[in-house]
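Have a look at the structure below before the remarks.
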Amino acid sequence: MQEASAQQVHQHAPPEGFIRKYVFSLDHKVIGKQYYALALVAVFMGMALSWLMRFHLIWPNSKIFGLELLSKVGAPGGVMTPEYYLSLMTMHGTLMVFFVLTNAPFAAFGNYFLPIQIGAEDMAFPRFNMMSFWTTFVAFVVLVLAFVIPDGPPISGWTAYAPLSAVGSDAGPGLGWGQNLWGISIAIFCVGSLLGSLNFIATTLDLRTKGMTLMRMPISTWAWFITSCISLLAFAVLLPACVLLILDRVAGTSFFIPAGLVVSDRLQPHAGGSPLLWQHLFWFFGHPEVYIAILPAMGIVSHVLIASIRRPLLSAKVIIYSMMSIGFLSYMVWGHHMFVSGMNPFSALMFSFPTLTITIPATIMTLIWLGSLYGAKIRITPASLFALGFISMFVSGGVSGFFLAQPSLDIVLHATYFVVGHFHMVMGVAAIFGVFAGTYFWFPKMTGRMMNEGLGKWHFWLTFAGTYCIFMPFHYLGLIGNVRRYSAFVDDFLVPLLPLHKFITIAAFVTGAAQFLFLINLIHSRFWGQEAPVNPWEATSLEWTVPSPPPFDNFGGKHPVVYHDAHQYGVKGSRGDYVMQDSPETVVPES
Amino acid sequence: MGKLFAVILTIIALVSAVPIVMHTWWMPQDISAHGHAIDEQMSETMAEAGFSFLAAQLLLAFFVWKFSNRKDDGKIRTFPGGAKGLVAAAFILVGTEMLALGVLGQKAWATVYFTPPAANALQVQAQAGQFAFYFRYPGADGKFGALHPDKIDEGNQNYFGLDPANDVEARDDIVTGELAVPVNREVHLMMHAKDVGHSFYVRELRIQQDFVPGLDLAVHFTAVKTGRYEIVCTQLCGLGHYNMKAYLNVMTQEDFDQWMKQKASEQ
Numbered sequence: 000m001q002e003a004s005a006q007q008v009h010q011h012a013p014p015e016g017f018i019r020k021y022v023f024s025l026d027h028k029v030i031g032k033q034y035y036a037l038a039l040v041a042v043f044m045g046m047a048l049s050w051l052m053r054f055h056l057i058w059p060n061s062k063i064f065g066l067e068l069l070s071k072v073g074a075p076g077g078v079m080t081p082e083y084y085l086s087l088m089t090m091h092g093t094l095m096v097f098f099v100l101t102n103a104p105f106a107a108f109g110n111y112f113l114p115i116q117i118g119a120e121d122m123a124f125p126r127f128n129m130m131s132f133w134t135t136f137v138a139f140v141v142l143v144l145a146f147v148i149p150d151g152p153p154i155s156g157w158t159a160y161a162p163l164s165a166v167g168s169d170a171g172p173g174l175g176w177g178q179n180l181w182g183i184s185i186a187i188f189c190v191g192s193l194l195g196s197l198n199f200i201a202t203t204l205d206l207r208t209k210g211m212t213l214m215r216m217p218i219s220t221w222a223w224f225i226t227s228c229i230s231l232l233a234f235a236v237l238l239p240a241c242v243l244l245i246l247d248r249v250a251g252t253s254f255f256i257p258a259g260l261v262v263s264d265r266l267q268p269h270a271g272g273s274p275l276l277w278q279h280l281f282w283f284f285g286h287p288e289v290y291i292a293i294l295p296a297m298g299i300v301s302h303v304l305i306a307s308i309r310r311p312l313l314s315a316k317v318i319i320y321s322m323m324s325i326g327f328l329s330y331m332v333w334g335h336h337m338f339v340s341g342m343n344p345f346s347a348l349m350f351s352f353p354t355l356t357i358t359i360p361a362t363i364m365t366l367i368w369l370g371s372l373y374g375a376k377i378r379i380t381p382a383s384l385f386a387l388g389f390i391s392m393f394v395s396g397g398v399s400g401f402f403l404a405q406p407s408l409d410i411v412l413h414a415t416y417f418v419v420g421h422f423h424m425v426m427g428v429a430a431i432f433g434v435f436a437g438t439y440f441w442f443p444k445m446t447g448r449m450m451n452e453g454l455g456k457w458h459f460w461l462t463f464a465g466t467y468c469i470f471m472p473f474h475y476l477g478l479i480g481n482v483r484r485y486s487a488f489v490d491d492f493l494v495p496l497l498p499l500h501k502f503i504t505i506a507a508f509v510t511g512a513a514q515f516l517f518l519i520n521l522i523h524s525r526f527w528g529q530e531a532p533v534n535p536w537e538a539t540s541l542e543w544t545v546p547s548p549p550p551f552d553n554f555g556g557k558h559p560v561v562y563h564d565a566h567q568y569g570v571k572g573s574r575g576d577y578v579m580q581d582s583p584e585t586v587v588p589e590s
Numbered sequence: 000m001g002k003l004f005a006v007i008l009t010i011i012a013l014v015s016a017v018p019i020v021m022h023t024w025w026m027p028q029d030i031s032a033h034g035h036a037i038d039e040q041m042s043e044t045m046a047e048a049g050f051s052f053l054a055a056q057l058l059l060a061f062f063v064w065k066f067s068n069r070k071d072d073g074k075i076r077t078f079p080g081g082a083k084g085l086v087a088a089a090f091i092l093v094g095t096e097m098l099a100l101g102v103l104g105q106k107a108w109a110t111v112y113f114t115p116p117a118a119n120a121l122q123v124q125a126q127a128g129q130f131a132f133y134f135r136y137p138g139a140d141g142k143f144g145a146l147h148p149d150k151i152d153e154g155n156q157n158y159f160g161l162d163p164a165n166d167v168e169a170r171d172d173i174v175t176g177e178l179a180v181p182v183n184r185e186v187h188l189m190m191h192a193k194d195v196g197h198s199f200y201v202r203e204l205r206i207q208q209d210f211v212p213g214l215d216l217a218v219h220f221t222a223v224k225t226g227r228y229e230i231v232c233t234q235l236c237g238l239g240h241y242n243m244k245a246y247l248n249v250m251t252q253e254d255f256d257q258w259m260k261q262k263a264s265e266q
């Protein structure tokens, strides 16, 4: 049955011509690379924006070379205005959360490897797949357009709280067409993500090859599958929320705007809306979004880890069930972003308990990863270093969640740098470490060439130490009460904290510069790297049975048959201490 | 190389913990009647989070040190107790810890939000707008005049939109740019926003509450130490957000009475 449907689905022949091959391609591998390339462009843009912001925080009156070219109004004479700081901050957050953290670990690697790992020739709906990438691309273009229109990018942050985001230009610069473009871009992005999620779910359920039972799927595939289920529900709520926001802005509705608001001395012509409605809708998406970023990273890291420590995890099942419970709980906790928002204080308790409960599956996963290292044979490569670094970052970003899950402590820590430190570590850095681990691990398969290991290790050391230097002090700043989203620190209380901010800024410059090592490695290895063998890491899953890079239809027209799960390491196999998933040999435990 | 990882991680973990243990950067001194519950909760949570952080990081460093690049004759071994032991440990340890934090933490939350203000609490109204806070005291009659958003006129200093011509209750209302309160007296602060979302945050007072347009919200607190403390906006409200602040002036009762008299004469 599964085999038959796989054959029926794969109807398209190998494409000919540049456009069908590389641009409007139906091939999941090309689409995966396109997502990766888009994320790469977005991440370097987002990083450049963070450099500009960190520079401005320390030297608010200094000229930034070339900034005037980006915006004459936002940076007259090259000196950034407070509102332009907020514009850059909004764009940084939006680019990073949507176009990097959603795209890279989930859409890019998921597209490339999910079909291969389950033994399929392509996604269930290749045309939908192409559409989801190009929709996402349009969303990206629409967002970036905000940089060039006269209004400039919006200043309302990536959370776009109403009514600031809803009442229009009266509330400030960037809140006219800039905010419109933001809303339209995110709505389009939601459509792309919904199409992608449906495709992932259908592919996982329908196109598994013979013998590939659900529990035999690699943990990475499980992670992408669970993520696509979360993503389907989350973006289905954000999409209408964005539409309502746009209607409030352009059609005179009042979903998020109450009566009697006087903005810029003008009584606003709205009545009956609720700003809290936007917050509920946004965070109903926003919290699961955190897991959309981190779950694929967990999957990738587990997958890389077992190949690097030469033994299975203590229990793959426990990891999978933990990911499922995290996915389930992620829908019951959105209110912890709103403890002091003015919602009923009783509901704070109802959101606090599930939030604290998430700690249990998260701790279980951490303990399983740690416990699996015990008695293992760890091979140190750039991929395994980033996987180990992920565990460290996940713990560091996770423990600050203990504080933020409690309404009473949120009174003190809400909207401070403590929150910024928390989500950058757990959602930003940890997820990006997952992407780095995946890149160093799968690059040989994706391009047919090995990456430079020495450069990769340097990249790791600088990034690992650097990100700690940036984000650990954020927590200290938050504890003392340094409010976030300030474009300058001018009051008596915050001025003494500037030296610590200076340290962070310097760390951000060094760590950011280290990312160019990665970029150089990526480009250089792509063209001049050493040729990659089929299975350089001696790994077990199906992607390592096909040539590097895989042919158009992945398995050369054959359908692999699977005999084992993907965790057969530390055994006596015919090739070494592992047994491939498609090898019919019986697994003999290493005595 | 694994050993290098272990060394670097150990250094990072220990160095990260130093400022926390030394309280190099810590919450400023608490001046509220309720804040000690929050501070205790913070210390307990910090102890538990700090222990989890150090234990996990050092364990990770130790395992990577010990089990990386082993010789090939080294056998794969399994962690004593296996997955079951670890899952049980996570459930019991973390479950109890989280339950304890959850239950204990509610006490501090409840003192702020679930107890009504005393009947004789000082009534003050706060309005947040781009990019300033204004405060209103009811004056001698003890009653606030009604608000008329259409009458807001900042040029004529009618920040709240009062209508003293027709509204007797509004005539003696006292509007100021700073929040003056007497020490050791409960204050019932009724909050509303003029335009977009803002927030009221006084670090030393352990109070943070958003202003939500369209909603009338309230907090109550008792300041127990005289002094001048910053009130800052923590909800992104536009280009002047970073500079939106006012002062909380906690005075002795005599000073407060004096201040009130002076303000009444200025209106």
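If you read the sequences in order, they're chains A and B. Going letter by letter, the first sequence gives residues 0 to 590 in numbering that gives the first Met the number 0. Going letter by letter, the second sequence gives residues 0 to 266 in numbering that gives the first Met the number 0. Glycine included, every Cβ here is placed at the ideal spot set by N, Cα and C.
Pairwise C-alpha distance: residue j and residue i
i	j	result
phenylalanine 350(A)	proline 406(A)	9 Å
glycine 572(A)	isoleucine 319(A)	26 Å
lysine 2(B)	alanine 513(A)	22 Å
lysine 28(A)	phenylalanine 112(A)	8 Å
valine 190(A)	asparagine 102(A)	14 Å
aspartate 150(A)	valine 166(A)	15 Å
glutamine 1(A)	proline 125(A)	Low confidence applies to glutamine 1(A): its pLDDT is 45, below 50, so where it sits in the model is not reliable, and the reading given next is rough at best. Distance between the alpha carbons of glutamine 1(A) and proline 125(A): 17 Å.
tryptophan 536(A)	glycine 34(B)	55 Å
methionine 331(A)	tryptophan 181(A)	27 Å
lysine 224(B)	glutamate 153(B)	33 Å
methionine 579(A)	phenylalanine 554(A)	15 Å
alanine 255(A)	glycine 400(A)	Checking the displayed sequence, the identity of residue 255(A) turns out to be phenylalanine instead of alanine. Near 29 Å, if we compare the C-alpha coordinates of glycine 400(A) and phenylalanine 255(A).
glutamine 6(A)	tryptophan 543(A)	With a pLDDT of only 47 at glutamine 6(A), under the threshold of 50, the placement of this residue in the model should not be trusted; the figure read from the coordinates follows. Roughly 22 Å between the two C-alpha positions.
valine 242(A)	phenylalanine 283(A)	16 Å
Endpoints, the alpha helix (DSSP H) within which residue i is located
i	result
arginine 525(A)	497-527
isoleucine 410(A)	406-412
serine 196(A)	176-205
serine 324(A)	315-328
isoleucine 173(B)	Per DSSP, isoleucine 173(B) belongs to no alpha helix (DSSP H); it is in the beta strand (DSSP E), 173-175.
Buried versus exposed, by CB contacts within 10 Å (16 or more), residue i
i	result
valine 8(A)	Residue confidence for valine 8(A) is low, a pLDDT of 49 falling below 50, so the modelled location carries little weight; the figure read from the coordinates is stated next. Buried: at least 16 other Cβ atoms inside 10 Å.
arginine 76(B)	exposed
histidine 423(A)	buried
threonine 114(B)	exposed
glycine 575(A)	exposed
threonine 95(B)	exposed
leucine 51(A)	buried
arginine 265(A)	exposed
phenylalanine 64(A)	exposed
Contacts of residue i in chain A (Cβ-Cβ under 9 Å)
i	result
asparagine 68(B)	Lys376, Ile377, Arg378 and Ile379
Amino acids of chain B, ordered along the chain, whose beta-carbon sits closer than 8 Å to that of residue i
i	result
alanine 604(A)	Here chain A has residues from 0 to 590 only, and residue 604(A) is not among them.
glutamate 537(A)	Simply none; closest approach about 13 Å.
Chain B residues whose Cβ lies nearer than 7 Å to that of residue i
i	result
arginine 484(A)	Leu235 and His240
valine 261(A)	Pro148, Ile151, Lys193 and Asp194
alanine 306(A)	By Cβ distance, chain B contributes nothing, its closest Cβ being about 14 Å from alanine 306(A), past 7 Å.
N- and C-terminal bounds of the beta strand (DSSP E) containing residue i
i	result
glutamine 208(B)	206-210
glutamine 124(B)	121-128
histidine 27(A)	Note, histidine 27(A): premise wrong, no beta strand (DSSP E); alpha helix (DSSP H) at 27-57.
glycine 156(A)	Segment: none, glycine 156(A) is in no beta strand (DSSP E) and carries neither H nor E.
Closer than 9 Å at the beta carbon, the chain B residues around residue i
i	result
valine 428(A)	Neighbours of valine 428(A) on chain B: none; closest Cβ ~13 Å, over 9 Å.
Closer than 7 Å at the beta carbon, the chain A residues around residue i
i	result
methionine 21(B)	Neighbours of methionine 21(B) on chain A: none; closest Cβ ~11 Å, over 7 Å.
Where residue i meets chain A, residues with beta-carbon distance less than 8 Å
i	result
leucine 156(B)	The sequence shown places glutamine at residue 156(B), rather than the leucine named in the question. What glutamine 156(B) touches in chain A: nothing, since even the nearest Cβ is about 14 Å away.
### Task
Evaluate the contact criterion for the segment 274-282 of chain A versus the segment 192-200 of chain A: three or more CB pairs, one atom per stretch, below 8 Å.
Note that the segment 274-282 of chain A does not touch the segment 192-200 of chain A; fewer than 3 beta-carbon pairs, one per stretch, sit closer than 8 Å.
### Query
Counting Cβ pairs, one atom from each stretch, are 3 or more of them under 8 Å apart for the segment 238-250 of chain B and the segment 115-135 of chain B?
Yes, since at least three Cβ pairs between the segment 238-250 of chain B and the segment 115-135 of chain B fall closer than 8 Å, the two stretches touch.
### Query
Counting pairs of beta carbons, one from the segment 168-181 of chain A and one from the segment 76-94 of chain A, are three or more of them closer than 8 Å?
With a cut-off of 8 Å, the segment 76-94 of chain A and the segment 168-181 of chain A count as touching, because enough Cβ pairs lie within range.
### Query
For the 8 Å Cβ check, are there 3 or more pairs between the segment 133-147 of chain B and the segment 104-111 of chain B?
Taking one beta carbon from each stretch, the segment 133-147 of chain B and the segment 104-111 of chain B have fewer than 3 pairs nearer than 8 Å; the two do not touch.
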